[in-house]
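Encoded as structure tokens, the structure appears first; notes follow it.
Number of protein chains: 2
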Amino acid sequence: MKNVIEAVGRRERKKLETRFALRRAALRLVAENGLDRVTVADIADAADVSVRTFFNHFPCKEDALVGADLHRLQKLRAALTEQPPDRAPIAALRAVIIELAAKLSDYREDLLAEMRVVQANPALRAREMSEFAQYERELVAEVARRSGTDPARDLYPLLTARVAVSAFRAALTLWCTIDDPPALSNLVGEAFDLLEQGLPPPQSR
Amino acid sequence: MKNVIEAVGRRERKKLETRFALRRAALRLVAENGLDRVTVADIADAADVSVRTFFNHFPCKEDALVGADLHRLQKLRAALTEQPPDRAPIAALRAVIIELAAKLSDYREDLLAEMRVVQANPALRAREMSEFAQYERELVAEVARRSGTDPARDLYPLLTARVAVSAFRAALTLWCTIDDPPALSNLVGEAFDLLEQGLPPPQSR
DNA sequence: CAATTCACTGCAGAGAGTGCAAAAATGCAG
DNA sequence: CTGCATTTTTGCACTCTCTGCAGTGAATTG
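Order-wise, the sequence lines are chains A and B. According to the numbering used here, the first sequence holds residues 104 to 308 in order. According to the numbering used here, the second sequence holds residues 104 to 308 in order.
See the structure below:
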């Protein structure tokens with residue numbers, strides 16, 4: 104939840120303001136009372152706008168809480184495309200995901216708050232999962248291109264993309280969960296190390 | 104969608120009948136018209152029961168279409184617990200998931216139909232994803248136990264469980280997608296082979 | 001053949017979400 | 001500053017989802 108509002112005109116700025124106000128209010132209320140004990144009317148009231156305005160910004164209550172970031176998604180795929188073509192897909196994925204991780208490091212508190220709310224509500228978990236699924240789908244196509252395989256006939260691209268996202272998710276979860284965590288990028292690196300070693304059991308490390 | 108109704112009394116049998124009738128009607132109608140052009144009333148009518156009855160069987164419209172199978176979930180975890188303790192977690196996961204795959208082989212047609220509907224509707228995809236997330240959570244705990252690690256401090260169990268589910272999903276997707284596929288168990292085995300080799304790029308295979 | 005259990009039903013009501021047209025705020029040219 | 005176009009916000013009517021409750025009838029039990 105970035106408060107950094109870098110828009111130009113007042114109109115755009117105000118629009119973003121109400122959007123963030125709604126998002127903030129939604130997160131706060133749901134954290135306090137639980138998803139199904141908060142109505143859209145409550146959220147709109149707390150943000151001091153009408154219910155209709157809420158639905159102008161978000162198609163449904165849940166989207167005010169999880170909000171998929173399409174912009175980031177496209178940038179991720181672009182970054183992957185720009186990786187050197189001789190790099191193995193799993194290595195290329197590692198590089199771009201570590202890059203992404205570096206950008207997230209500043210938002211640990213916000214991510215933590217959001218994660219708590221999401222974890223507590225199955226309906227939100229479902230949304231978050233499908234957000235990650237979007238990432239997977241984008242990456243599958245790119246892995247297929249890089250490796251010259253057909254995702255409709257070969258397991259490799261599907262598996263590799265999904266596994267990479269799993270690594271990111273695992274690192275992110277741990278990073279938000281534990282006290283005094285190492286850098287997110289390091290955790291992501293660790294996860295990819297494990298992957299590239301074929302997930303050896305911890306005893307043999 | 105198994106028509107195998109193995110219940111005892113007439114009452115139970117009829118209950119299952121209406122449940123399956125609702126499920127069938129829901130799948131058919133949504134396949135034909137799309138999720139948001141089908142109301143619960145439509146589904147109930149098609150299954151010749153009241154709307155209220157629909158909600159006695161399913162908490163929401165979507166659940167009539169994806170239906171998480173808690174029974175299977177518990178059996179999977181139990182199977183994992185019973186694996187020999189000296190087996191590496193990834194190998195134990197492989198074994199139980201291949202076992203699960205074998206049980207699914209008979210239902211390819213039904214799974215395919217369901218998958219088509221699910222793929223076409225983001226809201227259903229989200230639900231399916233969260234169903235898989237349930238699997239992940241069950242498996243995390245068991246991997247942690249087997250490997251003596253703490254899922255709150257170590258990446259290993261989280262990553263391993265999620266990656267195993269990714270392997271299963273990737274195999275399942277491919278199995279339902281391609282014409283004349285190999286046995287699902289073989290695809291799952293292939294996926295785990297790739298994992299245990301650290302996802303080598305296809306050129307080096 | 002009672003007595004009980006349980007799936008099913010209808011109804012009333014709260015909440016989610018949409019379409020539409022009017023009102024308010026903003027941006028811009030003269 | 002002033003009028004005009006654009007965009008955001010708003011209220012209203014409406015459909016659909018989902019829940020609680022009370023009642024009916026068929027299946028089950030003894």
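All residues carry an ideal CB built from backbone N, CA and C; glycine is no exception.
* **Status (buried if at least 16 other CB within 10 Å, exposed otherwise) for proline 187 of chain A** => As a first step, residue 187 of chain A is located in the first sequence; it is residue number 84 there, counting from the start. It is exposed - the Cβ of proline 187 of chain A has fewer than 16 other Cβ atoms within 10 Å.
* Asked: With distances taken from CA atoms, which of A:Ala270, A:Ala264 and A:Cys163 is nearest glutamate 241 of chain A?
  -> Translated into positions along the first sequence, residue 241 of chain A becomes position 138. Considering only alpha carbons, the answer is A:Ala264.
* From the beta carbon of methionine 232 of chain A, is the nearest beta carbon of chain B less than 8 Å away? -> In the first sequence, counting from the first residue as 1, residue 232 of chain A sits at position 129. It does: the Cβ of methionine 232 of chain A has a partner Cβ on chain B nearer than 8 Å.
* To do: Determine the contact status of glutamine 237 of chain A and arginine 228 of chain A, defining contact as a CB-CB distance below 8 Å.
  => Looking up residue 237 of chain A in the first sequence gives position 134. Looking up residue 228 of chain A in the first sequence gives position 125. If you check the CB distance, glutamine 237 of chain A and arginine 228 of chain A do not come in under 8 Å.
* Is the Cβ-Cβ distance between serine 208 of chain B and proline 304 of chain A less than 8 Å? -> The sequence position of residue 208 of chain B within the second sequence is 105, counting from 1. The sequence position of residue 304 of chain A within the first sequence is 201, counting from 1. Cβ distance not < 8 Å, so serine 208 of chain B and proline 304 of chain A don't count as in contact.
* To do: Scan the stretch 139 to 167 of chain A for residues whose Cβ lies nearer than 7 Å to a Cβ of chain B and list them as they occur along the chain.
  => none
* Run through DSSP, which three-state label would aspartate 257 of chain A get? -> Mapped onto the first sequence, residue 257 of chain A falls at position 154. Note: aspartate 257 of chain A maps to coil in three-state DSSP.
* **Euclidean distance between Cα positions of leucine 261 of chain B and arginine 175 of chain B** => For this step, residue 261 of chain B is matched to residue 158 along the second sequence. For this step, residue 175 of chain B is matched to residue 72 along the second sequence. Straight across, the Cα-Cα distance linking leucine 261 of chain B with arginine 175 of chain B is about 21 Å.
* How would you label threonine 252 of chain B, buried or exposed, when you count the other beta carbons within 10 angstroms and need 16 or more for buried? -> Locating residue 252 of chain B in the second sequence gives position 149, counting from the first residue. With 16 or more Cβ atoms within 10 Å of its Cβ, threonine 252 of chain B is classed as buried.
* Asked: What does threonine 252 of chain A touch in chain B if you count any residue whose Cβ is under 7 Å from its own?
  -> Taking the first sequence and counting its residues from 1, one reaches residue 252 of chain A at position 149. Within chain B, the residues Pro305 have their CB atoms less than 7 Å from the CB of threonine 252 of chain A, given in chain order.
* Please go through the same chain and pick out, in chain order, the residues whose beta-carbon is closer than 7 Å to the beta-carbon of arginine 149 of chain A, but skip the five residues on each side of it. => To locate residue 149 of chain A, count along the first sequence from 1; it is residue 46. Position check: residue 149 of chain A holds alanine in this sequence, whereas arginine was assumed. The beta carbon of alanine 149 of chain A is closer than 7 Å to those of Ala128 and Leu132 in its chain, skipping five residues each way along the sequence.
* Asked: Taking Cβ positions only, does arginine 116 of chain A come closer than 8 Å to chain B?
  -> For the purposes of this step, residue 116 of chain A is taken as the residue at position 13 of the first sequence. Not closer than 8 Å to any Cβ of chain B, the Cβ of arginine 116 of chain A fails to qualify, so no.
* From the beta carbon of serine 208 of chain B, is the nearest beta carbon of chain A less than 8 Å away? -> Looking up residue 208 of chain B in the second sequence gives position 105. So, not an interface residue.
* tyrosine 387 of chain B lies in the alpha helix (DSSP H); which residues open and close that run? -> What is shown of chain B runs 104 to 308, which leaves residue 387 of chain B out entirely.
* Is glutamate 185 of chain A helix, strand or coil by DSSP? -> Translated into positions along the first sequence, residue 185 of chain A becomes position 82. Looking at glutamate 185 of chain A - three-state DSSP - the assignment turns out to be coil, as it is neither helix nor strand.
* Asked: Which residues, in chain order, does the stretch 169 to 187 of chain B contribute to contact with chain A at a C-beta distance below 7 Å?
  -> none
* Asked: At a Cβ threshold of 8 Å, is valine 266 of chain A touching chain B?
  -> The count along the first sequence starts at 1 and reaches residue 266 of chain A at position 163. Yes, because at least one Cβ of chain B sits closer than 8 Å to the Cβ of valine 266 of chain A.
* Under a CB-based cut-off of 8 Å, is serine 269 of chain A close to chain B? -> On the first sequence, position 166 is the one that residue 269 of chain A refers to. Yes - at least one Cβ of chain B is within 8 Å of the one on serine 269 of chain A.
* **For valine 154 of chain A and threonine 142 of chain A, the rounded distance between their alpha carbons** => Indexing the first sequence from 1 puts residue 142 of chain A at position 39. Indexing the first sequence from 1 puts residue 154 of chain A at position 51. The alpha-carbon atoms of threonine 142 of chain A and valine 154 of chain A are separated by roughly 10 Å.
* **C-beta contact flag for leucine 309 of chain B and alanine 267 of chain B at 8 Å** => Residue 309 of chain B falls outside the range modelled here, since chain B spans only 104 to 308, and no answer is possible.
* **chain B contact for asparagine 289 of chain A (CB, 8 Å cutoff)** => Mapped onto the first sequence, residue 289 of chain A falls at position 186. Among the CB atoms of chain B, none fall inside 8 Å of the CB of asparagine 289 of chain A.
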